[in-house]
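Under UniProt numbering, the residue at position 54 of the sequence shown is numbered 54, and the numbers go up by one with no gaps.
The beta carbon of each residue, even a glycine, is placed where N, CA and C say it ideally should be.
Take a look at the structure below.
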Amino acid sequence: MPQITNLEPFLTPFPEPSDVFAGSEADITRAAEHLLPLLTIDLEAYDPEFAGLKVHMLGPIEPDEGFVGQNSEEFYNYYLRENWFGFRLTEDNKYEFLGDWRYFEAENPESGLLENEFFLEFRDRIRTSYAAQKQYFKRYNQLVSVEAVEDIEKAHAKPNAQNYLSTWKEPASYLNGTSLANMQIIEEPGIDGDLVYYPVSEAGNRFYLIAETPAYSYTADGADSILLFFEPKERLVLFTFDWS
């Protein structure tokens with residue numbers, strides 16, 4: 001099932017940050033500064049053994065160029081690396097970040113990112129379009145490209161509908177070189193003979209690709225593909241990205 005073009009019962013677009021991130025109100029606000037909640041996925045639809053589990057597709061706001069985390073080596077750990085970051089899924093299906101938030105350059109005054117006018121314009125465009133698409137969805141129950149709230153009715157007159165997911169219930173048949181170089185990966189032949197890829201947890205457990213989506217299905221810009229992996233034994237979630 002390579003794409004999800006219609007709103008399925010197991011998908012909840014634009015969940016609220018309080019339904020996605022664990023912790024205090026301050027913790028949730030901090031997470032939402034860096035990560036946009038795009039879609040909640042009920043994993044029972046992926047595998048009946050995952051009944052009761054939900055994961056959340058996220059869109060990182062940074063970077064405007066390059067790879068997420070590429071300049072944050074001092075804050076790396078097993079689950080935070082260049083072009084990878086991870087979470088633990090709590091018992092109430094919320095995300096706990098597996099590391100130091102200074103992995104994101106916007107947390108580091110020394111990085112100068114928040115003084116970069118190109119990044120600030122990029123961030124504002126992403127946030128504005130995300131808010132507009134979220135409002136459009138609440139109004140019309142459809143995922144449609146729209147750049148600003150004031151453009152909603154114009155967009156509705158000729159809607160540019162987006163796919164909810166570009167890949168669903170398929171193994172990871174492609175990881176870019178940066179992703180492959182920066183995580184422990186199992187490579188195996190797929191059904192058609194091509195290699196498929198499975199990240200491995202620090203304890204040696206295999207992650208499975210749940211879904212992929214381009215960020216621009218939900219915002220005006222961002223990663224060309226967001227890959228969400230899940231490891232059920234330890235309830236771990238990993239993200240990596242294609243920025244081609």
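Cβ atoms of residue j and residue i: under 8 Å apart, would you say?
i       : j       : result
Asn-83  : Glu-105 : no
Glu-212 : Thr-178 : no
Thr-5   : Asn-141 : no
Leu-175 : Thr-128 : no
Leu-165 : Ser-201 : no
Strictly by DSSP, which residues pair up with residue i?
i       : result
Pro-171 : Its beta-bridge partners do not exist; DSSP assigns none.
Ser-225 : Asp-242
Phe-85  : Phe-239
Val-200 : Arg-206
Phe-118 : Answer is none; Phe-118 lacks a bridge partner.
His-156 : Answer is none; His-156 lacks a bridge partner.
Val-55  : Ile-41
On the criterion of 16 or more Cβ atoms from any shown chain inside 10 Å, does residue i qualify as buried, or is it exposed?
i       : result
Gly-52  : exposed
Ser-217 : buried
Thr-40  : buried
Phe-118 : exposed
Check each candidate in the options and name the one with the smallest Cα separation from residue i.
i      : options                          : result
Asp-42 : Ile-226, Phe-87, Asn-93, Ser-201 : Asn-93
Glu-16 : Leu-38, Tyr-46, Glu-73           : Leu-38
Ala-45 : Ile-28, Thr-12, Ala-22           : Thr-12
Ile-61 : Ile-226, Phe-230, Leu-180        : Ile-226
Establish whether the CB of residue i and some CB of chain B are separated by less than 8 Å.
i       : result
Glu-150 : Of the protein chains in this structure there is only one, and it is not chain B.
DSSP on residue i, reduced to helix/strand/coil?
i       : result
Leu-38  : strand
Thr-29  : helix
Ile-126 : helix
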